[in-house]
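The structure under discussion appears below in the form of structure tokens.
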Amino acid sequence: MPAIGATVLGYPRIGPHRELKKALEGYWAGAVSRHDLEHTAATLRRQSVRRMAELGLDTVPSNTFSLYDHVLDAAVLVGAVPQRFTSFEDELDRYFAMARGAASRRTRNEGGDERDQPDGDVGDVAPLEMTKWFDTNYHYLVPEIGPATPFQLNAAKLVAEYREALAEGVVTRPVTIGPASLLLLAKPDDEAPAGFRPFDRLDELTSIYAELLETLADAGVPWIQLDEPSFVADRDAAEITALQRVYQRLATLERRPAIFVASYFGDLGDALPALAMTPVEAIGVDLVAGSGAGRVAATPNLAGKTVVAGVVDGRNVWRADLESALGSLATLLGLAGDVAVSTSCSLLHVPYDLDAEPDIDSRLRSWLAFADQKVTEVVTLARGLHEGYDAVAGRIQEGTSARDDRATASSVVDPAVRQRIADLPPEASQRSPYAHRIAVQADNLDLPPLPTTTIGSFPQTGDVRSVRAAYRNGQIDADEYSSRMRTEIERIIRLQERLGLDVLVHGEPERNDMVQYFAELLNGFITTRNGWVQSYGSRCVRPPIVYGDVSRPAPMTVEWASYAQGLTDRPVKGMLTGPVTMLAWSFVRDDQPLADTARQVALAIRDETRDLEAEGIRIIQVDEPAIRELLPLRASEQPEYLRWAVDAFRLATSGVADTTQIHTHMCYSEFGEVMSAIDGLEADVTSIEAARSKMEILPELAASGFARGIGPGVYDIHSPRVPSNDEIATLLLRASQAVPATRLWVNPDCGLKTRSYAEVEPALAAMVTAVRQVREAL
Ligand SMILES: CN1c2c(nc(N)[nH]c2=O)NC[C@@H]1CNc1ccc(C(=O)N[C@@H](CCC(=O)N[C@@H](CCC(=O)N[C@@H](CCC(=O)O)C(=O)O)C(=O)O)C(=O)O)cc1
Ligand SMILES: N[C@@H](CCS)C(=O)O
Ligand SMILES: [Zn+2]
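If you're matching positions, the sequence shown starts at 1 in the UniProt record's numbering and goes up one per residue.
So, in structure tokens, the structure goes:
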């Protein structure tokens, strides 16, 4: 068995130029053949293993490539395919049906339209649910596992990708999710009786993994990496014992590769000594998010094992502190059998290569590291560890100088921002009592009961995107751009008037992304040209980088909002992204607490709310869809996070007069655990994703004491399906049983940017008709 040496836990897969995205969307649209899709995928995989090997890694992971999602791949690997997909005989059709939904066989025979959508679920076979991958902005597909879900090994992809890399001359280490985490990431299927947990089937699933290990041994695979990230969150003693049982069993198989159990996004806690007691050969620890090398080194039973030390941050873009990383590695050396050097998690969460960013100035660039630069850092550290400090002294010095330069750069610290924060009185985060302000807002707005609205974005048509691209590329000037955007805004305002909505939006046509748009306009942020990171399936984002103190040089949204308001007598909602979401979807500073950066962003947003108000905007929505996402995985760390997150939102939204109504919006998460924080935001109105769970969230919210305006989403915008008036009316009546109708608002689950007008117009018309019915009924 070769030593692991220098390695990474995973590598980006969307393609340096988003080749996979383009091939997938082309394939779904019927414009790219299956052969071409497979060719693109194979080329990307080969390039990736070659690149990692050329950069000097000792061992390279494989099977980290995925056509859609690695959790879906793991479900397919163990044959956990829900019944509704079994009629798809072709494997790729079945795979994409699980990812995106599909027309049933009946509809397919009638000419179903599953290839028309670039993303989202299509047709009448519902896809697997999508949810957040731990506390990242990546989304995985949730396996459905019930008592009768079949398990059957299907190792073809894993073995084929191993052999494909071997043909490139690279012996790889196949990676997949370990059995315990796979079940903890799954949800019970609809057939499961109350109280059933997928985890109940751990022993059965372990048998499939045993078979997998034997298959890999037969294929000559030296190492397998089984990821068990679910154990960096709070787990009970039974779950930890079960984890130990799994690896005791797998590691005592006669025929198997060496086993590397990886963890990331935090500290393994009690799971680390439990794993150390099993005969697995290697354990991976995250020394960036976790509590450090000292604690790991103190774990008994590591002497015969390789500790794979995740010392290079796999999910942020700062150049590593090589000196301190070497210190951590030295702490482990001598206590473990061997020390391998790695990233703290897969590099899936960072862009490929800093060299693809010609616009970033050279000084700032010297502070940064993207995936390929991180691979090089890992290689340098492994050399330093094994050949001694002097072998890499030059590189370490270079890194230290860059970090010192960053620490003292005047572009990072803005004394004016710091003074403003220091001068803030406590009442800056306090509005007058809700009962008082809601009364003055009612006078100011004069809205009907059950006011109707949308969440902000309207379809981002090809036309709108190409106008933005033309402006960005200098093909049209600012006047032409502004005029084209105004035409689009006017069209959206007139459409909403025609549909009969009560509170209008300008539709966000000028925004490439709800975070990047603001980052481009704020001091302290930079944005990238090619820094794409997969968010889900074929969808990508370019997370901005916060490098310095944040401030707002000029208004960011006022021009568009006030133009829209000038077109209509109905209130137009101003639309901003909140401080927590701005940070959750950016690469953040690692040189000051996140809470401090959040206050700076909050102040910039606060300035914007006041300017919007001064221009006659009477309602302002501050979106915080990611407030749940940043919730620490360990309960002990959650109260502190919630305290500063709520405080930042309140700082952002308390600068306006009582007459101005503050809305917020949340989606993409289960909000059960953060109900009291949602209440603590004190937004006058909160819109929240609720349609898919059929309003289940409302009783929970009411029970938490929440007693302000609430807009539970009445239809799911992730689906092209147009809801009927009756189903929306039914949901509204259900909502009115949990929340007094006087506090109910009516809106879709989220923004409409990924949908087409052909879906949006009838869906909103149904929503307005349903509200009229319900208003009469109430
Ligand atoms: C709400 N969601 C968001 C998350 N994170 C964000 N940062 N933003 C979000 O909205 N996390 C949770 C969810 C995740 N959901 C999504 C949904 C949709 C997308 C998405 O559609 N992404 C787009 C890229 C968006 C973008 O930046 N567009 C720019 C640039 C577009 C582009 O590719 N331009 C071309 C050239 C121009 C052209 O011909 O169009 C190029 O650069 O090559 C824009 O529209 O201006 C995607 O396509 O993946 C992401 C997350
Ligand atoms: N205002 C944004 C929120 C998305 S979470 C939108 O409508 O797209
Ligand atoms: Zn949303």
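No residue lacks a Cβ here, since even glycine has one placed at the ideal position from N, Cα and C.
Output the distance between the C-alpha atoms of residue i and residue j, rounded to the nearest integer angstrom.
i	j	result
S17	A356	The identity of residue 17 in the sequence shown is His, whereas the question assumes Ser. C-alpha separation (whole angstroms): 10 Å.
A770	A186	35 Å
L72	I476	43 Å
V392	V341	15 Å
R315	T528	16 Å
A99	F85	11 Å
A330	A297	10 Å
L651	A428	6 Å
residue 793	A442	Residue 793 is absent from the model: the chain starts at 1 and stops at 778.
S181	R431	44 Å
E129	Y68	13 Å
I717	E670	17 Å
V76	D218	21 Å
A741	L633	36 Å
V760	V714	13 Å
W133	G178	15 Å
E168	H70	23 Å
S586	L92	33 Å
V413	G548	6 Å
T487	R465	14 Å
Y11	I617	45 Å
D116	A126	The pLDDT assigned to D116 is 35, lower than 50, so where the model puts this residue is not dependable, and the model offers no usable value.
G15	K21	8 Å
F196	F370	42 Å
Is it true that the CB of residue j sits closer than 8 Å to the CB of residue i?
i	j	result
G146	E204	no
E624	M666	yes
D557	L583	In the sequence as displayed, the identity of residue 557 is Thr instead of Asp. Cβ atoms of T557 and L583: not closer than 8 Å.
L250	A274	no
D502	R403	no
E228	I259	no
L44	R94	no
L302	A271	no
T730	G711	no
P579	A602	yes
V49	T176	no
T131	Y140	yes
D591	A407	yes
residue 782	S704	No answer is possible for residue 782: it lies beyond the span of the chain, which begins at 1 and ends at 778.
residue 814	S736	Residue 814 lies beyond the residue range present for the chain, which begins at 1 and ends at 778; the question has no answer from this structure.
Thinking residue i and residue j are a contact (beta carbons under 8 Å), I'd like their distance in whole angstroms, please.
i	j	result
D135	L631	7 Å
Compute the minimum distance between the beta carbon of residue i and the heavy atoms of ligand 3, and state whether it is under 7 Å.
i	result
P625	yes
H718	no
H665	yes
G751	yes
I455	yes
Under the criterion of a Cβ to heavy atom distance below 7 Å, does residue i qualify as lining ligand 1?
i	result
Q475	no
A320	no
Y668	yes
K22	no
N512	yes
W28	no
T754	yes
N137	yes
R468	yes
Can you find a C-beta in chain C that's less than 8 Å from the C-beta of residue i?
i	result
K187	As a matter of chain content, chain C is missing from the structure shown, which is built from one protein chain.
Return yes when at least one heavy atom of ligand 2 lies under 7 Å from the C-beta of residue i, else no.
i	result
C540	no
E508	yes
G680	no
I545	no
L1	The sequence as given places Met at residue 1; Leu does not occur at that position. No, since every heavy atom of ligand 2 falls outside the 7 Å radius drawn around the Cβ of M1.
M98	no
residue 789	A question about residue 789 goes unanswered here, because the residues of the chain that appear run from 1 up to 778.
query: Mind pulling the alpha helix (DSSP H) runs of 4 or more residues that sit fully within the region 53–106?
result: 70–77, 91–100
- prompt: Going along the chain, which unbroken runs of the beta strand (DSSP E) with 3 or more residues stay wholly within the region 668–692?
  reply: 685–688
- request: Please list the segments of the alpha helix (DSSP H) lying wholly inside the region 511–568, counting only runs of 4 or more residues, in order along the chain.
  value: 516–519, 558–566
query: What beta strand (DSSP E) runs, 3 residues minimum, are completely inside the region 291–333?
result: 306–312
query: Quick one: complete alpha helix (DSSP H) runs, 4+ long, within the region 357–397?
result: 362–365, 371–387
message: List, from N- to C-terminal side, the alpha helix (DSSP H) runs of 4 residues or more that fit wholly inside the region 206–255.
response: 237–251
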